[in-house]
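This report concerns only the one structure given below.
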Amino acid sequence: MKRRHFMGTTAAAVAGLALPAPLRGLAGRRASWLLAPMDDTQADHLKAYGVAFRALERGEKVEWLLNYRSGSFLLPGDAATVRDAALAGVTVRETDAGAVTSIRAEIEQANMDAVPLEKAPRVAIYSPPNAAPWDDAVTMALEYAGVKYEKVWDEEVIQGRLPDYDWLHLHHEDFTGQFSKFVLNYAGAPWLIEMMQRNQDMARALGFPSVPAEKRAVAHRIASFVEEGGFLFAMCTATETIDLALASASTDIAASFADGTPMAADANARMDWSRALAFENARLEQSPTMAVFSDIDGHQVNSPDRRQELGAFTLFDFSAKIDPVPTMLVQNHRQVIPDFYGLTTSFSRRTLKPGVTVMAEEPGAPWVKYIRGEVGQGTWTFYGGHDPEDPQHQIGDAPTDLALHPHSPGYRLILNNVLFPAAKKKELKT
Amino acid sequence: MTRTCLPIVVLTVTLLAIAAPLAAQRPQVPGDVGVALDAERRGDFVAAAAAYQRALAANQADATALLGLERSLEPLNRSGEMLGPALAAVARAPGSAAYSALVRAWVAHRNIDSARAAVSGWSALAKGESAPYRELVQALVRTRQRAEAKRAIEWGRAQLGNDNAMAYDMAQLRASEGDWAGATREWLAAARELPGYRLTALAALTPVPERERGAVRTVLGTERTLEARELEAGLLARWGDPDEAVKVLIAALPSDRARASEALRGFATGLQSRPDAARARGAALEELARRNAGDAAARARVEAAQAYQQAGDQAGARRVLAALPAGRGGAAAAASAASTLVGVLLAEGKPAEAEAELDKLRDRLPADEWQALRRSVALGWARAGQIDHGEATLAGDSTVEGLAMRGRLAIFRGDLKGAVDLFRSAGPYAGSREEGAHRTALLALVQPITSDTLPALGAALLALEQGDSARGARALEQIGEALSADQGGAEVMLLAASVRASLGDSTDAEALLRKAAASEVAATAPAAELELARLLLAQRRSSEAVSLLEHLILTWPRSATVPEARRALDEAKGAVPPS
Chain A
1 MKRRHFMGTT AAAVAGLALP APLRGLAGRR ASWLLAPMDD TQADHLKAYG
51 VAFRALERGE KVEWLLNYRS GSFLLPGDAA TVRDAALAGV TVRETDAGAV
101 TSIRAEIEQA NMDAVPLEKA PRVAIYSPPN AAPWDDAVTM ALEYAGVKYE
151 KVWDEEVIQG RLPDYDWLHL HHEDFTGQFS KFVLNYAGAP WLIEMMQRNQ
201 DMARALGFPS VPAEKRAVAH RIASFVEEGG FLFAMCTATE TIDLALASAS
251 TDIAASFADG TPMAADANAR MDWSRALAFE NARLEQSPTM AVFSDIDGHQ
301 VNSPDRRQEL GAFTLFDFSA KIDPVPTMLV QNHRQVIPDF YGLTTSFSRR
351 TLKPGVTVMA EEPGAPWVKY IRGEVGQGTW TFYGGHDPED PQHQIGDAPT
401 DLALHPHSPG YRLILNNVLF PAAKKKELKT
Chain B
1 MTRTCLPIVV LTVTLLAIAA PLAAQRPQVP GDVGVALDAE RRGDFVAAAA
51 AYQRALAANQ ADATALLGLE RSLEPLNRSG EMLGPALAAV ARAPGSAAYS
101 ALVRAWVAHR NIDSARAAVS GWSALAKGES APYRELVQAL VRTRQRAEAK
151 RAIEWGRAQL GNDNAMAYDM AQLRASEGDW AGATREWLAA ARELPGYRLT
201 ALAALTPVPE RERGAVRTVL GTERTLEARE LEAGLLARWG DPDEAVKVLI
251 AALPSDRARA SEALRGFATG LQSRPDAARA RGAALEELAR RNAGDAAARA
301 RVEAAQAYQQ AGDQAGARRV LAALPAGRGG AAAAASAAST LVGVLLAEGK
351 PAEAEAELDK LRDRLPADEW QALRRSVALG WARAGQIDHG EATLAGDSTV
401 EGLAMRGRLA IFRGDLKGAV DLFRSAGPYA GSREEGAHRT ALLALVQPIT
451 SDTLPALGAA LLALEQGDSA RGARALEQIG EALSADQGGA EVMLLAASVR
501 ASLGDSTDAE ALLRKAAASE VAATAPAAEL ELARLLLAQR RSSEAVSLLE
551 HLILTWPRSA TVPEARRALD EAKGAVPPS
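For the record, the sequence lines run as chains A and B. Okay, so the first sequence: first residue is 1 according to the numbering used here, each after it adds one. Okay, so the second sequence: first residue is 1 according to the numbering used here, each after it adds one.
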């Protein structure tokens with residue numbers, strides 16, 4: 001082959017206009033559909049979500065086959081999707097109209113459903129500007145799957161830019177403004193000094209008297225985003241602290257190192273839980289030295305006296321036709337998943353509001369792992385823990401390499417949430 | 001009872017009668033403590049805690065029961081219950097066991113003042129000892145109260161009048177905060193108190209980030225002791241500068257021969273598994289030889305020569321061997337010296353002298369070692385351009401390694417068919433893993449070539465063997481152009497590109513890789529594309545690399561290079577952390 005010919009082929013392939021030799025036959029025939037099975041035959045579960053997301057970005061229609069082969073995707077059989085799946089190493093099977101009819105018949109007769117996905121959601125990650133991509137499970141999952149996102153932080157939130165997005169993920173932020181309560185135990189550590197400085201500078205720049213005051217305002221903006229129809233996903237300490245920030249509108253729950261005054265003596269009594277998304281009647285942790293916020297977290301990883309060992313959590317089985325939303329969020333090829341610590345690992349059942357839907361729990365334990373609910377026109381999902389593939393996560397741990405965990409069931413739960421806003425809205429029965 | 005039950009009862013009574021004396025023969029801990037220990041061993045901590053509590057109710061001063069209760073309550077998250085028993089134990093029989101439990105109990109209750117009071121009571125009994133303070137510090141660290149733990153160390157130091165007390169604990173606290181200079185100061189203090197801490201310090205300070213290393217060296221520099229220099233040298237070696245490390249160490253050696261030798265031997269031993277530090281190891285051993293006499297010096301010289309040779313420093317190896325007095329160090333050392341000399345002579349391109357030296361060793365070396373050196377001499381002859389002589393040297397070597405070496409010499413002669421036959425006869429496992437991989441690469445290179453002989457290729461490969469990479473690359477390029485792509489041309493081009501890349505000639509390497517990639521030869525094109533993508537990534541031309549990797553994956557989906565290409569693609573896109 002001449003160089004000119006080679007370069008031409010490469011350029012065409014890159015532009016997605018032509019397929020290289022081994023894939024040309026397939027493109028010529030154009031399979032009606034591609035089935036991306038999500039059971040154990042899938043070569044890369046996490047990247048399959050990226051293939052579906054990019055198909056939506058190209059304006060194609062995708063169907064999410066809930067409970068069919070562990071939540072498979074029916075993708076368009078066009079050349080671009082074939083190419084994308086091949087590049088990503090995602091297993092897809094050519095599926096003709098007859099086979100699709102057969103699949104639909106099977107779905108009709110079982111606890112399954114086919115949910116059309118229509119439009120790639122606009123994704124934002126709330127994360128400080130200096131955060132490395134390897135510091136947050138959701139960012140890692142999106143990077144690995146190839147799902148586009150933008151980063152926002154306090155400035156963008158306060159300036160009212162959240163309505164630009166459909167889906168917002170909260171980096172493991174401490175919305176009580178207490179710097180994850182690491183201040184006393186890690187005093188002098190360079191990373192802590194930098195984190196505090198950055199937050200204090202931002203609070204000052206936005207005109208707030210302290211970081212706790214500014215974070216509370218950010219929490220309220222985020223809650224408004226949900227009420228107005230946004231999708232919120234939070235993990236780790238962002239789950240617990242956003243509710244603490246929302247409920248503490250009329251009291252001071254921050255230690256003196258954060259705002260110059262200690263926690264109000266009657267803070268517990270003055271919490272207004274009606275403002276919170278998920279929790280109620282939690283008791284605040286009084287010690288400023290302990291990196292624990294309240295008894296919302298069931299595992300209390302940083303409390304030597306109360307710390308609970310990790311077990312495994314079980315996903316609930318919902319009715320796909322009646323409860324499509326939680327069904328979407330629990331699609332997985334594993335029903336029992338090893339638990340993993342975070343500053344907030346789990347959620348005490350005692351503190352859950354009555355309307356909260358539990359999607360995963362540790363059977364017999366007084367805590368649950370994965371919950372969701374609705375506020376106004378929007379919806380929120382909370383997932384306890386920091387990194388599903390780094391169960392004991394410690395500060396300074398090496399980043400998780402998702403290429404080594406392409407089948408991670410814990411990470412699948414994150415990616416279910418990313419695609420969920422793409423689902424065509426239909427009246428929900430729950 | 002019916003009559004049928006009677007035999008069962010009789011049997012049971014008999015068995016019990018036999019079993020009772022047997023059980024009595026086992027060593028038993030009497031009473032509740034025995035029950036508790038048994039329950040604890042079974043993992044029934046609830047029962048264990050209850051039994052220990054019963055034992056303490058009978059005797060509040062029972063240290064075994066007190067510590068057992070503490071162990072059992074911890075997994076139950078009931079450590080808070082230890083306070084009462086610990087207070088009672090201290091009141092009844094104040095001793096280290098009772099006080100240590102009390103200190104831990106107060107810390108668990110977050111009552112630091114009371115924990116300090118317990119430490120004071122304990123230290124009144126154990127005057128001048130750091131154990132009470134250390135117990136407090138460790139309890140605080142366990143409960144992640146690091147700031148409080150530091151304050152406890154300062155308090156203990158003031159009480160003990162010893163600024164170095166608990167330096168080991170303070171060092172770890174400082175390091176956990178990223179205060180590496182502070183940690184180093186503490187490690188020095190710890191090593192002053194107990195020299196055994198030096199190795200711990202070395203391990204603990206190895207992960208110091210690059211930007212902090214200067215500060216660590218500055219702190220180490222404030223202490224003018226050999227121990228500090230040993231630590232500094234050890235760290236420098238682990239941080240990738242072994243040559244500077246050995247200079248630092250040698251400059252600080254005392255006149256005391258035993259102490260200096262200990263330091264040098266320790267340093268050299270620490271580098272034994274580091275091929276990249278072979279020269280520094282050689283320097284340390286040479287200095288060790290210089291400071292010793294007799295057989296010890298001779299053995300150190302032989303080791304130094306081997307290290308220099310491993311580092312490719314033939315002059316150093318020769319220098320050390322030249323200083324080796326004849327007959328010193330015993331027969332084994334002499335044989336090692338001679339075989340090292342053979343290696344040095346071969347590296348210097350003197351196969352005749354090497355062969356002569358080797359002949360002298362015939363009766364002093366094990367047969368397989370001698371034969372391995374003989375094969376090296378054969379290769380040395382080939383490198384000198386005397387392939388016939390090399391083949392003659394291999395006469396009588398019927399080992400698979402000998403067949404493999406004959407194959408290499410056959411390739412240098414351009415006898416491709418002969419080489420392939422010999423390589424196949426040798427099999428994949430002859431020699432070291434590296435040699436096996438090298439043979440496989442040579443087979444992959446020559447197998448697509450239809451001609452049985454190709455002297456030009458042999459000459460090009462010989463040029464590479466002789467270290468003349470530029471000439472070898474030029475020749476390979478010409479051969480690659482002359483051969484058709486699917487009859488070895490692409491593979492030869494790929495090799496030429498690798499040689500160019502190793503010479504730092506990335507422009508020519510890129511051009512050659514593009515030619516090899518464009519060949520559409522299934523065995524070569526994907527490998528060439530992968531190498532080209534890596535070359536582009538190294539030049540930060542990510543978008544071009546991404547295009548190539550995508551092309552590779554899509555065009556050659558069954559190629560063995562696809563997993564590597566996917567990994568490279570993920571890294572290029574930032575989808576995974578860099579390797």
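Just so it is clear, CB atoms sit at the ideal spot from N, CA and C, and this is done for glycine as well. These figures come from a predicted structure and were not determined experimentally.
Which value, in whole angstroms, describes the spacing of the CA atoms of Asp387/A and Glu435/B? Distance between the alpha carbons of Asp387/A and Glu435/B is about 43 Å.
How big is the Cα-Cα spacing for Arg362/B and Gly270/B? Roughly 33 Å separates the two Cα atoms.
Grouping DSSP H, G and I as helix and E and B as strand, with all else coil, what is Thr225/B? Here Thr225/B sits in coil by DSSP.
Let's test the definition: count the other Cβ atoms within 10 Å of the Cβ of Ala267/A and tell me whether it reaches 16, buried, or not, exposed. Flag for Ala267/A reads buried.
Close-in-space but distant-in-sequence residues of the same chain around Pro22/A (CB under 7 Å, 5 per side omitted): With a pLDDT of only 43 at Pro22/A, under the threshold of 50, the placement of this residue in the model should not be trusted, and no figure is reported.
Verify whether the separation of the beta carbon atoms of His554/B and Ala545/B is less than 8 Å. Residue identity differs from the one stated: residue 554/B is Leu in this sequence, not His. With contacts defined by Cβ atoms closer than 8 Å, Leu554/B and Ala545/B do not form a contacting pair.
Would you check if the distance between the CB atom of Leu35/A and the CB atom of Thr95/A is smaller than 8 Å? Contact flag set, yes.
Inspect the beta-carbon positions of Glu118/A and Ala422/A and report whether they are closer than 8 Å. Yes, the pair counts as a contact, with Cβ atoms nearer than the cut-off.
Counting pairs of Cβ atoms below 8 Å between the stretch 177–195 of chain A and the stretch 150–157 of chain A, do you hit three or more? Contact between the stretch 177–195 of chain A and the stretch 150–157 of chain A is absent, because fewer than three Cβ pairs lie under 8 Å.
Which word fits Ala120/A, buried or exposed, when buried means at least 16 other C-beta atoms lie within 10 angstroms of its C-beta? Ala120/A counts as buried, since at least 16 other C-beta atoms from the protein chains shown sit within 10 angstroms of its C-beta.
What residue range is occupied by the uninterrupted beta strand (DSSP E) comprising Asp113/A? Where Asp113/A is concerned, the enclosing beta strand (DSSP E) stretches over 113–117.
Let me know the secondary structure DSSP gives Ala149/B once reduced to three states. DSSP places Ala149/B in the helix class (H, G or I) of the three-state scheme.
I'd like to know whether the C-beta of Pro288/A is nearer than 8 Å to at least one C-beta of chain B. No, Pro288/A does not count as interfacial toward chain B.
Tell me, please, whether the CB atom of Arg26/B is closer than 8 Å to any CB atom in chain A? At Arg26/B, the pLDDT of 43 sits below 50, so the modelled position is not reliable and the matter cannot be decided from this model.
In the stretch 219–249 of chain A, which residue ranges form an unbroken alpha helix (DSSP H) of at least 4 residues, counting only runs that do not cross its ends? Every alpha helix (DSSP H) of 4 residues or more that sits fully in the stretch 219–249 of chain A is shown, in chain order, as 237–247.
Decide if Lys47/A is buried, meaning its Cβ has at least 16 other Cβ atoms within 10 Å, or exposed. Under this definition Lys47/A is a buried residue.
Just tell me which of Ala114/A, Ser32/A, Ala99/A, Glu60/A has its CA closest to the CA of Ala327/A. In the sequence as displayed, the identity of residue 327/A is Thr instead of Ala. Nearest of Ala114/A, Ser32/A, Ala99/A, Glu60/A to Thr327/A, Cα basis: Ala114/A.
Could you tell me which chain A residues have their CB closer than 8 Å to the CB of Pro526/B, listed as they occur along the chain? Against chain A, a Cβ distance below 8 Å from Pro526/B picks out nothing, because the smallest value is about 11 Å.
Please classify Pro406/A: is it buried, with 16 or more other beta-carbons within 10 angstroms of its beta-carbon, or exposed? Residue environment: Pro406/A is assigned as buried (16 or more neighbouring CB atoms within 10 Å of its CB, all protein chains considered).
Could you tell me which uninterrupted alpha helix (DSSP H) segments, each at least 4 residues in length, are contained entirely in the stretch 57–94 of chain A, listed from first to last along the chain? DSSP runs (the alpha helix (DSSP H)) wholly in the stretch 57–94 of chain A: 79–88.
Pair within 8 Å by beta-carbon distance, Phe340/A and Gly385/A: Annotated as proximal: Phe340/A and Gly385/A, with beta-carbon spacing under 8 Å.
From Leu162/A, Gly373/A, Ser346/A, Glu228/A, pick the residue whose C-alpha is nearest to that of Pro354/A; which is it? Nearest in C-alpha terms to Pro354/A, of all of Leu162/A, Gly373/A, Ser346/A, Glu228/A, is Gly373/A.
Helix, strand or coil at Ser274/A [DSSP, three-state]: In this structure, DSSP gives Ser274/A a helical state, which the three-state scheme calls helix.
Val107/B versus Ala165/B: straight-line alpha-carbon distance, rounded: Cα to Cα, the separation comes out at about 21 Å.
Opposing strand residues paired with Gly207/A [DSSP bridges]: In DSSP, Gly207/A forms no bridge with anything.
First through last residue of the beta strand (DSSP E) which encompasses Ala36/A: Taken as a continuous stretch (DSSP letters only), the beta strand (DSSP E) holding Ala36/A covers 33–36.
In the DSSP output, what is Tyr435/A paired with across the bridge? Only positions 1 to 430 of chain A appear in the structure, and residue 435/A is not among them; the question remains open.
Can you tell me whether Val46/B is buried or exposed, with buried defined as 16 or more other CB within 10 angstroms of its CB? Exposed is the label assigned to Val46/B, since fewer than 16 other Cβ atoms lie within 10 Å of its Cβ.
Nearest by alpha-carbon distance to Phe347/A: which of Gln109/A, Lys369/A, Trp273/A, Gly260/A is it? By alpha-carbon distance to Phe347/A, the top candidate from Gln109/A, Lys369/A, Trp273/A, Gly260/A is Lys369/A.
Could you tell me how far apart the beta carbons of Ala55/B and Asp44/B are, in whole angstroms, since I believe they sit closer than 8 Å? At roughly 16 Å, the Cβ-Cβ gap does not stay under 8 Å, so Ala55/B and Asp44/B are not in contact.
is_contact[Glu531/B, chain A] using C-beta, thresh 8 Å: Not one chain A Cβ lies under 8 Å of Glu531/B.
How should Leu569/B be labelled, buried or exposed, when 16 other C-beta atoms within 10 angstroms of its C-beta is the threshold for buried? Around the C-beta of Leu569/B, 16 or more other C-beta atoms lie within 10 Å, and the residue is accordingly described as buried.
Within this structure, are the beta carbons of Val183/A and Phe257/A separated by less than 8 Å? Less than 8 Å separates the beta-carbon of Val183/A from that of Phe257/A.
Anything in chain A within Cβ reach of Pro577/B, meaning under 7 Å, just list it in chain order. Within 7 Å of the CB of Pro577/B, the CB atoms of chain A belong to Trp134, Pro399, Asp401, in sequence order along the chain.
Given this structure, state the Cα-to-Cα distance separating Val248/B from Ser579/B, to the nearest angstrom. Between Val248/B and Ser579/B, the C-alpha separation is close to 33 Å.
Terminal residues of the continuous alpha helix (DSSP H) containing Leu329/A? Counting along the chain, the alpha helix (DSSP H) containing Leu329/A begins and ends at 324–329.
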